[in-house]
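**Q** These protein sequences, in sequence, are chains A and B.
Residue 893 is where the first sequence starts when you use the working numbering, and the numbers rise one by one after that.
Residue 893 is where the second sequence starts when you use the working numbering, and the numbers rise one by one after that.
Where is the CB? At the ideal position from N, CA and C, for every residue including glycine.
The structure that follows is given in the form of structure tokens.
Protein chains: 2
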Amino acid sequence: MSNNKRGILDMNAFDASSQESIASPLLKRRTDNIGAASVLFYKKPIEMVSARGCWMTDVAGERYLDFYNNVPSVGHCHPHVTAAITQQLETLNTNSRYLSEITESYLEKLKSTLPPELKNVVMTCSGSEANDLAMRIAKTNTGSQGFIVTATAYHGNTEYVTQVSPSALKHGVCPDYVVTIPEPGSAAYGDDIEAGFNQAVSGAIALLTDRGYGVAALLCDSIFSSDGVFSDPAGFLKSAVDTVHRAGGLYIADEVQPGFGRTGDCFWGFQRHGVVPDMVTMGKPMGNGFPVAALVVKPDLLQNFCDDVGYFNTFGGTPVAAAAAMAVMEVIEQEGLQQNAKTIGLYLRQQLTLLSKTDKRIGEIRGAGLFIGLDLCDPGTGEPAAQLAIQVINGLRDEKVLIGAAGPYGHTLKIRPPLCLNQKEADFFIDAIKKVLERLAN
Amino acid sequence: MSNNKRGILDMNAFDASSQESIASPLLKRRTDNIGAASVLFYKKPIEMVSARGCWMTDVAGERYLDFYNNVPSVGHCHPHVTAAITQQLETLNTNSRYLSEITESYLEKLKSTLPPELKNVVMTCSGSEANDLAMRIAKTNTGSQGFIVTATAYHGNTEYVTQVSPSALKHGVCPDYVVTIPEPGSAAYGDDIEAGFNQAVSGAIALLTDRGYGVAALLCDSIFSSDGVFSDPAGFLKSAVDTVHRAGGLYIADEVQPGFGRTGDCFWGFQRHGVVPDMVTMGKPMGNGFPVAALVVKPDLLQNFCDDVGYFNTFGGTPVAAAAAMAVMEVIEQEGLQQNAKTIGLYLRQQLTLLSKTDKRIGEIRGAGLFIGLDLCDPGTGEPAAQLAIQVINGLRDEKVLIGAAGPYGHTLKIRPPLCLNQKEADFFIDAIKKVLERLAN
């Protein structure tokens, strides 16, 4: 089993220090401009020049089927979204200290998809900002400081949110007030995921109480994306959420990954589990690439927080952000993308399951809708095969499919195309992965 | 003297609990949707529907000259910026893990305005994210935790940055690792602002050292916007920056407010002081309303930070963010907006100074370019007159000018129109403020 606990990205990233291939002048410029913060996909990075629907085109004119990026969720450069942003940019783009009809219309549209308890929305620029605010609201309202997250979670990039994002900490461990629990597919939980996960949460609460922090919140991405995609059985979160509530803590649903119809079954990932969060955070696909994110919250929680500290976000909830986000909602509805995610996602899982019958390197296939995790394993021992995952990712690149991986060992292919994926495109991917696995078998 | 230490915004904001005027259905919807986090200008908020250049138009068709909002810095809805964003939205909008020519071109353009030491740029969505990251980099590189900020500073809205934003803390004080010093116009400094400010910084370093935190950084907005606009004498920051460096700390220039030519004299506010920051953060006007911000940093500082923790920002440095920011730079250059800020800013200060000769309610007039602070005072005692400031702000609204205030007592009018302000528009404002002051004298 690989010791890599940092996921696939670093393992498959361009490494400027290797001097391997600063052949491209653009790559040289990039390294000079961004320095150590530059993270590029692939040992030989791709220069992209255009994109449309599920496809991206590089500078040489090669087209790639995008199975990776979950931001352009209604399709790259969707004309309806572009038109809505342009029209609003031409008309009015100002901060939310003036009233604006489009912003309120959007908030009402958004709230109509959510439990009625969640009456207030705070718009931000990024999921990180939304999670940062959610954590602060949890701390203020509970008087406790402790957070519970899964072991390979990622929730964002601010100082506060990085502390609850173990997958971003290269050498360190989370601080004392953060307790990590195994991902919901862990063998530690046995067959009863709900009971196991609940027991782990109970243990974490006891630990946080012992340490004097108490529990402010359980913070979970309900599809457990960076942990390796764990979706089933739907409903397994319920006992854990009840346990947190009984201990006086809150449940924050981080919907940055599973939200906006991607899981097919429901509009939000937490709805698959039949739970009502105290707060919901969202981002990435919300504006199909326009920087917009939000926190949805029970009003009393927000009120208690705002008694202590002001919160204002200059770019949050501008008419343009609202127009972008409204257009995304309209496309999801008009093009039936949640249903499409369900149908095509099921088709993909069926085809991959077929493939797994004859190829022992394919382990578990998990997921809901168009959020699928596929484990690559040693065919002999069944153990995680991170190197194989890198080979498959690079092989798929040769076959013109963009894909990434997740999980503590980086052996889980993260299958996450735009929600407008059609069957022909799904078949393109299935053919490509077949070819790659065949090639790698020789 | 007023006891209000929270600035004017709260004093002049719509108060939902007052029941005064939820007459407007849109206002009711707003209050229902955003709850306690809703902050609206004016006791009777304005519904805006469009804007162009320096003017905004409300739902009744009334036009207002915008002397407040420093985001649409090249003018509201500038067609060149809109066109650049639209074109890029139609072509490619993806994260920065692929190479993209427009992003590197922009970064090079940006770096050409900055000291050569500052070679690396990390793009983010908001100034808050940029300051959050700058503080983390300072902490990692110095091994110290202490920060020095001015007493009414505002640097952003994340958990970490709020702690160094005393103006955002309603009841509390900054934590122990943050020491605040008086704004550079404080009487505490006497006539030699440079020596006084330097002495305050020295004292803060001593305190942070005593408390065991050491000094990570001096974090300053070089126009001291929320402190009440303190610009002169140019160069006064120099001794304090040297002192911080000698103590092993860093100097972070928060250019979210003064950057991008607004001060007229220089492209960046810190350049007026002849200092070289270790890090520069920027935001608000960078994309003229498109959510884009950045941290510029010395490469070794970034490298040391990235050894410990990964940093990736999904919406940071996308081709669309770069296209928006590039278009803003082009407009500033092509329309000579830095020079215009200098010329019209000087004209405004001259006219206001003339007015002050005959009106004792006008105290100090400070500023550089189109960033001007005007103190409103009790004509008898010369003390801060916050209530008068509210009356002037509301009077100016009646005269169709949007303006706000700043400073610990909220008695400083913050004059901050788009950089494309022409003389006729400047005169419109001068006439308006004359009328308002005249009316209030009766």
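Report the rounded CA-to-CA distance for A:T1235 versus A:G1296, giving the unit in angstroms.
**A** By 1-based counting over the first sequence, the position of residue 1235 of chain A is 343. By 1-based counting over the first sequence, the position of residue 1296 of chain A is 404. In a straight line, the C-alpha of A:T1235 is about 22 Å away from that of A:G1296.
**Q** Please return the same chain residues whose Cβ sits closer than 7 Å to the Cβ of B:P937, not counting the five positions on each side in sequence.
**A** Numbered from 1 along the second sequence, position 45 holds the residue referred to as residue 937 of chain B. Within the same chain, B:P937 has close Cβ partners F906 and L919.
**Q** Cα separation between B:K1327 and B:D950?
**A** Along the second sequence, one-based indexing puts residue 1327 of chain B at 435. Along the second sequence, one-based indexing puts residue 950 of chain B at 58. Approximately 22 Å, taken between the alpha carbons.
**Q** With a cut-off of 8 Å, does the C-beta of A:L1305 fall near any C-beta of chain B?
**A** Position 413 of the first sequence, counting from 1, holds the residue named residue 1305 of chain A. Chain B contact via Cβ: absent.
**Q** Per the DSSP calculation, B:R1258 is bridged to which residue(s)?
**A** Here residue 1258 of chain B corresponds to residue number 366 of the second sequence, with the count starting at 1. Paired residues: B:G1265.
**Q** State the DSSP-derived secondary structure class of B:G1208, mapped to helix, strand or coil.
**A** Counting from one through the second sequence, the residue named residue 1208 of chain B turns up at place 316. Three-state result, B:G1208: coil.
**Q** So B:V1188 is in the beta strand (DSSP E); what residue range does that whole segment cover?
**A** By 1-based counting over the second sequence, the position of residue 1188 of chain B is 296. A1185 to V1189 is the span of the beta strand (DSSP E), which, as asked, contains B:V1188.
**Q** Below 8 Å, how does it come out for the stretch 1109-1119 of chain A and the stretch 1042-1056 of chain A: are there three or more Cβ pairs, yes or no?
**A** Cβ pair count under 8 Å is three or more, so yes.
**Q** Considering Cα atoms alone, identify which of A:G1166, A:A1109, A:G1104 and A:W1160 is closest to A:L1129.
**A** In the first sequence, residue 1129 of chain A corresponds to position 237, counting from 1. Per the Cα distances, A:G1166.
**Q** Take A:G1179 and list the residues in its own chain whose beta-carbon comes closer than 7 Å to its own, dropping the five residues that flank it on each side.
**A** Counting from 1 along the first sequence, the entry for residue 1179 of chain A is found at position 287. So the list reads A1213, A1216, A1217 and V1220, once near-sequence residues are dropped.
**Q** Near B:P964, which residues of its chain fall below 8 Å by C-beta distance, leaving aside the five closest residues on each side in sequence?
**A** On the second sequence, residue 964 of chain B is found 72 positions in, with the first residue counted as 1. Counting only Cβ-Cβ distances below 8 Å, and skipping sequence neighbours, we find A943, D958, H970, P1177, N1180, G1181 and P1310.
**Q** For B:G1064, does the count of other Cβ atoms within 10 angstroms reach 16, so buried, or fall short, so exposed?
**A** Walking along the second sequence from the start, residue 1064 of chain B turns up at place 172. Exposed.
**Q** Going along the chain, which residues of its own chain have a beta-carbon closer than 6 Å to the beta-carbon of A:A1080, five neighbours each way excluded?
**A** Residue mapping note: residue 1080 of chain A aligns to position 188 of the first sequence, counting from 1. Excluding positions up to five away in sequence, the list reads P1074.
**Q** With a cut-off of 8 Å, do at least 3 Cβ pairs link the stretch 1100-1115 of chain B to the stretch 1141-1152 of chain B?
**A** The stretch 1100-1115 of chain B is in contact with the stretch 1141-1152 of chain B.
**Q** Tell me the rounded alpha-carbon separation between B:Y1301 and A:I1307.
**A** Translated into positions along the second sequence, residue 1301 of chain B becomes position 409. Translated into positions along the first sequence, residue 1307 of chain A becomes position 415. If I take the Cα positions, the gap works out to 55 Å.
**Q** Measure how close the beta-carbons of A:L1266 and A:I1257 come, nearest whole angstrom, since I'm counting them as under 8 Å.
**A** Residue 1266 of chain A sits at position 374 when you count from the first residue of the first sequence. Residue 1257 of chain A sits at position 365 when you count from the first residue of the first sequence. At roughly 5 Å, the Cβ-Cβ gap stays under 8 Å, so A:L1266 and A:I1257 are in contact.
**Q** Following the continuous beta strand (DSSP E) through A:F1039, name the residue where it begins and the one where it ends.
**A** Translated into the one-based positions of the first sequence, residue 1039 of chain A becomes position 147. Per DSSP, A:F1039 belongs to the beta strand (DSSP E) from G1038 to T1042.
**Q** Could you have a look at A:F1320 and say whether DSSP puts it in helix, strand or coil?
**A** Counting from one through the first sequence, the residue named residue 1320 of chain A turns up at place 428. Looking at A:F1320 - three-state DSSP - the assignment turns out to be helix.
**Q** Output needed for B:L1142: all residues of its chain with C-beta closer than 6 Å, excluding positions within five of it in sequence on either side, in chain order.
**A** Your numbering for residue 1142 of chain B matches position 250 in the second sequence. If we look at B:L1142 and ignore the five residues flanking it on each side, its Cβ neighbours are A1030, A1109 and D1170.
**Q** Determine, for B:V1212, whether the minimum Cβ-Cβ distance to residues of chain A falls below 8 Å.
**A** Along the second sequence, read from residue 1 onward, the residue named residue 1212 of chain B stands at position 320. Yes, because at least one Cβ of chain A sits closer than 8 Å to the Cβ of B:V1212.
**Q** Residues of the stretch 1048-1075 of chain B in Cβ contact with chain A at a cutoff of 8 Å, in chain order, please.
**A** Against chain A - using a Cβ distance shorter than 8 Å - the residues of the stretch 1048-1075 of chain B are N1049, T1050, E1051, Y1052, T1054, A1060, L1061, K1062, H1063 and G1064.
**Q** Is A:K935 close to chain B? Criterion is C-beta to C-beta, closer than 8 Å.
**A** One-based indexing of the first sequence puts residue 935 of chain A at position 43. Output row for A:K935: interface = no.
**Q** Using only the alpha-carbon positions, how far apart do A:A975 and B:R1253 sit?
**A** Here residue 975 of chain A corresponds to residue number 83 of the first sequence, with the count starting at 1. Here residue 1253 of chain B corresponds to residue number 361 of the second sequence, with the count starting at 1. Their Cα atoms are separated by approximately 50 Å.
**Q** Alpha carbon to alpha carbon, how far is B:G1259 from B:P1125? Give it in angstroms, no decimals.
**A** Looking up residue 1125 of chain B in the second sequence gives position 233. Looking up residue 1259 of chain B in the second sequence gives position 367. Each residue's Cα considered, the two are about 10 Å apart.
**Q** Measure the CB-CB distance between A:K1312 and A:L1229 and report whether it falls below 8 Å.
**A** Position 420 of the first sequence, counting from 1, holds the residue named residue 1312 of chain A. Position 337 of the first sequence, counting from 1, holds the residue named residue 1229 of chain A. Per the sequence presented here, residue 1312 of chain A reads as Cys, with Lys not at that position. A contact, by the Cβ cut-off of 8 Å.
**Q** Return the CA-CA distance between A:N1090 and A:V1136, expressed in angstroms with no decimal places.
**A** Here residue 1090 of chain A is taken as the residue at index 198 of the first sequence, counted from 1. Here residue 1136 of chain A is taken as the residue at index 244 of the first sequence, counted from 1. So the two alpha carbons sit approximately 9 Å from each other.
**Q** Select from the stretch 1208-1236 of chain B all residues with a C-beta closer than 9 Å to any C-beta belonging to chain A, and list them in chain order.
**A** Taking 9 Å as the Cβ-Cβ cut-off against chain A, the residues of the stretch 1208-1236 of chain B that qualify are G1208, G1209, T1210, P1211, V1212 and A1213.
**Q** Among B:Q1315, B:R922, B:V1172 and B:S1020, which has the Cα closest to the Cα of B:P1008?
**A** Against the second sequence, residue 1008 of chain B aligns to sequence position 116. Selected option, being the one with the closest Cα: B:V1172.
**Q** Take B:D1270 and list the residues in its own chain whose beta-carbon comes closer than 6 Å to its own, dropping the five residues that flank it on each side.
**A** The count along the second sequence starts at 1 and reaches residue 1270 of chain B at position 378. If we look at B:D1270 and ignore the five residues flanking it on each side, its Cβ neighbours are A1277.
**Q** So, is the C-beta of B:P1276 closer than 8 Å to a C-beta in chain A?
**A** Start at 1 with the first residue of the second sequence, and residue 1276 of chain B comes out as number 384. No - not a single Cβ of chain A is within 8 Å of the one on B:P1276.
**Q** For B:M1027 and A:N1314, I'd like the C-alpha separation in whole angstroms.
**A** Your numbering for residue 1027 of chain B matches position 135 in the second sequence. Your numbering for residue 1314 of chain A matches position 422 in the first sequence. Each residue's alpha carbon lies about 46 Å from the other.
**Q** Let me confirm a value: B:Q1226 is counted as buried when at least 16 other C-beta atoms fall within 10 Å, else exposed. Which label applies?
**A** Taking the first residue of the second sequence as position 1, residue 1226 of chain B is located at position 334. Answer is exposed; the Cβ neighbour count stays below 16.
**Q** Mark A:P917 as exposed unless 16 or more other C-beta atoms lie within 10 angstroms of its C-beta, in which case mark it buried.
**A** In the first sequence, the residue the question calls residue 917 of chain A occupies position 25. Classification for A:P917: exposed.
**Q** Quick one: grab the DSSP three-state call for A:F933.
**A** In the first sequence, residue 933 of chain A corresponds to position 41, counting from 1. Three-state result, A:F933: strand.
**Q** Do the CB positions of A:N904 and A:P1191 come within less than 8 Å of each other?
**A** On the first sequence, residue 904 of chain A is found 12 positions in, with the first residue counted as 1. On the first sequence, residue 1191 of chain A is found 299 positions in, with the first residue counted as 1. For A:N904 and A:P1191, no; Cβs fall outside 8 Å.
**Q** Do B:S988 and A:C1017 come within 8 Å of each other at the CB atom, strictly closer than that value?
**A** On the first sequence, position 125 is the one that residue 1017 of chain A refers to. On the second sequence, position 96 is the one that residue 988 of chain B refers to. No, they are not a contact pair.
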